[in-house]
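Residue numbers (full-length UniProt numbering): 1 to 571.
The block underneath contains the structure these notes are about, expressed in structure tokens.
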Amino acid sequence: MPAQQQDRHWGELGVALLLAGLLSVAWTVQGWTNLSALRLPDTDDVVRLQQIRDWLGGQAFGYLAQHRLGAQPGLEMHWSRLPDLVPGALIALLSPLVGAHAAELTAVILWPALLFAAALMLVAGIARTLGTSGPLAALVAALAYPATTLFMPGRIDHHGLQMVLLLVVARTAIGRGTLVAGAAAGIASAASLVIGIETAPLLAVGGAAIVVRWALDGREGQARLAGYAVALVLALAAASALLRTSGWNWPGCDGFTAELWRAAQLAALAPLALVAFGFAAESSKARGIAVLVAASVAIVGALALSPGCLRPYRQVDPLLARLWLANVAEAQPLFGAPLAHAIGYAGSMLVGIAAAGWAWRGTREGRWLVLLALQLAALGLALIQLRGAYAGALFAAPALAALITAARAKGLIALLPAWLVSAGLLYPLAADALAPPAAIGPATASCSGPAALAHLAALAPGTLMAPIDMGAWTLAATPHRVVAAPYHRNTAGNLAMYRFFLGPTGNAQAIARQWHVDYVALCPGDFAELGAQAGNPARLSGALAAGRPPAWLRPISAPGEAPALFAVARQ
């Protein structure tokens with residue numbers, strides 16, 4: 001590596017570490033009350049922490065059932081053990097030195113910060129490859145809402161790790177065609193598929209870009225594609241042996257199951273075949289025809305082997321899809337989300353797409369087209385599910401850095417608006433000003449807070465019937481078993497919960513008996529998305545909200561306390 005390039009590399013690393021460190025410290029101080037009690041930002045984070053605890057407590061590496069969730073003997077989760085490795089190692093190493101609580105607290109703060117630094121470093125590298133300022137792109141990425149929310153202290157779930165892996169693929173697709181870079185992209189793609197399917201469409205676009213550049217670039221593209229194809233095939237094969245879970249034969253494509261692996265492994269053979277063909281192919285036309293043939297065979301074959309991968313959540317009950325999934329914020333389509341939510345999520349992504357198009361028009365450099373393709377893929381994903389905006393915001397940073405650099409040369413009048421449209425944190429603020437969110441009362445906000453969970457944990461271990469999100473907090477903070485939690489495989493438990501609260505009181509008692517429920521919890525505002533139906537006094541939810549519990553539910557919380565807790569009377 002030339003000395004000047006090496007200096008830039010170390011400079012970008014320093015900026016990434018500085019930005020990630022400063023913001024992580026600021027976020028930690030801001031959220032210390034919840035963090036110090038291990039009340040993490042999202043339900044997935046707390047259940048991930050509980051999964052790590054179970055593993056360190058003796059649960060088998062490949063056994064990912066959550067044994068206190070749903071029907072006995074527990075729910076087979078669709079997750080992977082891969083995201084548990086680093087935080088689990090930190091906890092295991094630190095616990096003998098500082099105790100379990102301090103070790104867990106350190107891990108949930110340090111791991112997202114490390115991922116944040118890695119993401120900023122990769123964004124800077126992409127920007128440098130595109131001929132713009134790496135440190136400036138890292139700064140823009142550090143402000144890139146909503147992606148930044150994935151790296152806040154406590155965010156130990158898999159989404160931040162998947163963003164880093166996706167950026168590895170993007171950097172390879174955009175950058176120089178080396179064997180090592182290709183291998184890094186292949187391993188990153190396989191690892192991301194092992195973790196979850198959320199980024200699969202974007203990984204496919206990144207892989208397609210590597211293949212297209214092979215068809216156009218010749219020898220340089222051959223080295224990159226060879227590294228990518230061989231590493232992808234070998235990494236998927238290794239993962240099927242080392243990282244398969246107890247849910248490997250689950251009849252679906254919602255995680256790293258046999259069905260997903262078959263489709264991915266077959267698709268991975270296509271670039272491997274192209275590499276072999278590339279040693280003989282001398283023209284771009286021949287390589288282009290080979291790409292069309294290989295892609296067609298791979299797509300048809302993968303869908304024939306694993307048709308369920310077209311609808312990975314096809315097994316979700318229609319009632320749950322309507323009452324629950326339709327109200328999950330990041331699972332909503334862009335145009336179906338509330339206006340403020342849509343603006344906040346999509347602002348950086350949309351401006352970044354415009355900036356990348358402008359940069360390509362000015363340079364006619366093919367690398368910008370690769371970035372633009374990834375951005376448009378993220379937008380397409382966001383049109384189906386808002387979570388696509390996470391990647392879209394990060395992909396926007398290099399293009400926005402180029403925009404700021406060009407504006408700087410034109411003076412302050414151009415520079416100020418360039419920064420305003422590039423600062424992603426401003427979009428949710430502007431959106432809230434346009435459409436202020438509904439206020440959350442103190443009782444509702446405290447339902448999953450440290451004090452409420454401590455009260456629940458003090459009760460004798462039993463089975464809790466509570467709305468979906470409360471189940472996740474309860475799993476991590478108490479010894480109780482929960483009937484419902486926000487996981488799509490928990491069909492029986494989640495249906496039972498909705499029928500319990502939204503059905504007649506008599507039916508609720510029968511459901512409580514069937515599920516051996518000991519406690520019932522309800523927060524003000526629960527089921528508010530259902531409107532007046534939830535408050536109907538003929539339903540149990542309405543009766544409890546009105547302060548008229550049936551005789552078989554004995555209040556065990558003080559009046560006005562949140563959540564309202566009841567003990568089920570045994571008959």
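Beta carbons are placed, not taken as given, at the ideal position from N, Cα and C, and that holds for glycine.
Since this is a predicted model, take the numbers as computed values, not measurements.
Where residue i falls: helix, strand or coil (DSSP)
{"i": "M465", "result": "strand"}
{"i": "F566", "result": "strand"}
{"i": "Y487", "result": "coil"}
{"i": "R539", "result": "strand"}
{"i": "R554", "result": "strand"}
{"i": "V520", "result": "strand"}
{"i": "S240", "result": "helix"}
{"i": "Q315", "result": "coil"}
{"i": "R287", "result": "helix"}
{"i": "A439", "result": "For A439, the predicted structure reports a pLDDT of 49, less than 50, and the residue's modelled location is therefore unreliable. A value from the coordinates is still provided. A439 falls in the coil class under three-state DSSP."}
{"i": "L420", "result": "helix"}
{"i": "L425", "result": "coil"}
{"i": "M152", "result": "coil"}
{"i": "N249", "result": "coil"}
{"i": "Q332", "result": "coil"}
{"i": "T363", "result": "helix"}
{"i": "F279", "result": "coil"}
{"i": "W324", "result": "coil"}
7 Å Cβ shell around residue i - same chain, five flanking residues per side excluded
{"i": "A226", "result": "L179, G182, V275"}
{"i": "T106", "result": "L90, L94"}
{"i": "L82", "result": "A191, V194, I195, L243"}
{"i": "A439", "result": "Reliability fails at A439, whose pLDDT of 49 lies under 50, so the model's placement of it is uncertain and the value that follows must be treated cautiously. Counting only Cβ-Cβ distances below 7 Å, and skipping sequence neighbours, we find nothing."}
{"i": "M250", "result": "It should be noted that the sequence gives Trp, not Met, for residue 250. For W250, where only same-chain residues beyond five positions count, the Cβ hits under 7 Å are E76, T257."}
{"i": "G88", "result": "I52, W55, L56"}
{"i": "I289", "result": "none"}
Cβ distance (whole Å) where residue i is taken to contact residue j below 8 Å
{"i": "A113", "j": "S36", "result": "Contact doesn't hold; Cβ gap of about 16 Å is too wide."}
{"i": "H480", "j": "G462", "result": "6 Å"}
{"i": "V421", "j": "M465", "result": "48 Å between Cβ atoms; not a contact."}
{"i": "Q50", "j": "A476", "result": "4 Å"}
{"i": "F256", "j": "V168", "result": "Actually they do not touch by this definition, with Cβ atoms about 18 Å apart."}
{"i": "S284", "j": "L216", "result": "6 Å"}
{"i": "L130", "j": "A402", "result": "7 Å"}
{"i": "G160", "j": "L97", "result": "Between L97 and G160 the Cβ distance is about 26 Å, and since that is not below 8 Å, they are no contact."}
{"i": "residue 625", "j": "L522", "result": "The shown model of the chain, from 1 to 571, leaves out residue 625, and the question about it has no answer."}
{"i": "E259", "j": "S306", "result": "5 Å"}
{"i": "A268", "j": "V233", "result": "5 Å"}
{"i": "I174", "j": "I109", "result": "The pair is not a contact, with the Cβ atoms about 32 Å apart (cut-off 8 Å)."}
{"i": "L320", "j": "L495", "result": "7 Å"}
{"i": "L325", "j": "A331", "result": "6 Å"}
Strand pairing of residue i, partner residues [DSSP]
{"i": "V482", "result": "L69, L464"}
{"i": "P504", "result": "R539"}
{"i": "L75", "result": "Q66"}
CA-to-CA distance, residue j to residue i, given in whole angstroms
{"i": "L381", "j": "V123", "result": "20 Å"}
{"i": "P417", "j": "W360", "result": "21 Å"}
{"i": "Y145", "j": "G252", "result": "32 Å"}
{"i": "F501", "j": "S557", "result": "18 Å"}
{"i": "E198", "j": "G58", "result": "29 Å"}
{"i": "R554", "j": "F566", "result": "5 Å"}
{"i": "L64", "j": "T245", "result": "7 Å"}
{"i": "A337", "j": "L374", "result": "23 Å"}
{"i": "R128", "j": "V140", "result": "14 Å"}
{"i": "E20", "j": "L120", "result": "One detail in the question is off: residue 20 reads as Ala in this sequence, not Glu. Computed Cα separation, rounded: 8 Å."}
{"i": "A147", "j": "R513", "result": "44 Å"}
{"i": "R224", "j": "M349", "result": "28 Å"}
{"i": "G506", "j": "L266", "result": "53 Å"}
{"i": "V291", "j": "V212", "result": "8 Å"}
{"i": "G560", "j": "W552", "result": "20 Å"}
{"i": "P318", "j": "H488", "result": "11 Å"}
Beta carbon proximity, residue i to chain D, threshold 9 Å
{"i": "L379", "result": "Looking at the structure shown, chain D is missing, and only one protein chain is on hand."}
Residues near residue i in its chain [Cβ-Cβ closer than 6 Å; skip 5 each side]
{"i": "A443", "result": "Residue placement at A443 is flagged as unreliable, the pLDDT there being 41, under the threshold of 50; a coordinate-derived value is accordingly withheld."}
{"i": "P450", "result": "A37, R39"}
{"i": "W261", "result": "S240"}
{"i": "A445", "result": "Note that A445 scores 49 on pLDDT, short of 50, meaning its location in the model is unreliable; the coordinates nonetheless yield the value given after this. Closer than 6 Å at the Cβ level, and outside the excluded window around A445, lies no residue."}
{"i": "residue 621", "result": "Nothing can be reported for residue 621, as the shown portion of the chain is limited to 1 through 571."}
{"i": "G441", "result": "Low confidence applies here, because G441 scores a pLDDT of 43, under 50, leaving its location unreliable; read the following figure in that light. Nothing listed; no residue qualifies."}
{"i": "A423", "result": "L143"}
{"i": "L456", "result": "T478"}
{"i": "A118", "result": "V164"}
{"i": "R48", "result": "I156, D157"}
Residues near residue i by beta carbon distance below 8 Å, same chain, minus five either side
{"i": "P504", "result": "A538, R539, L540"}
{"i": "V46", "result": "L38, R39, L40, A472, W473, L475, A476, A477"}
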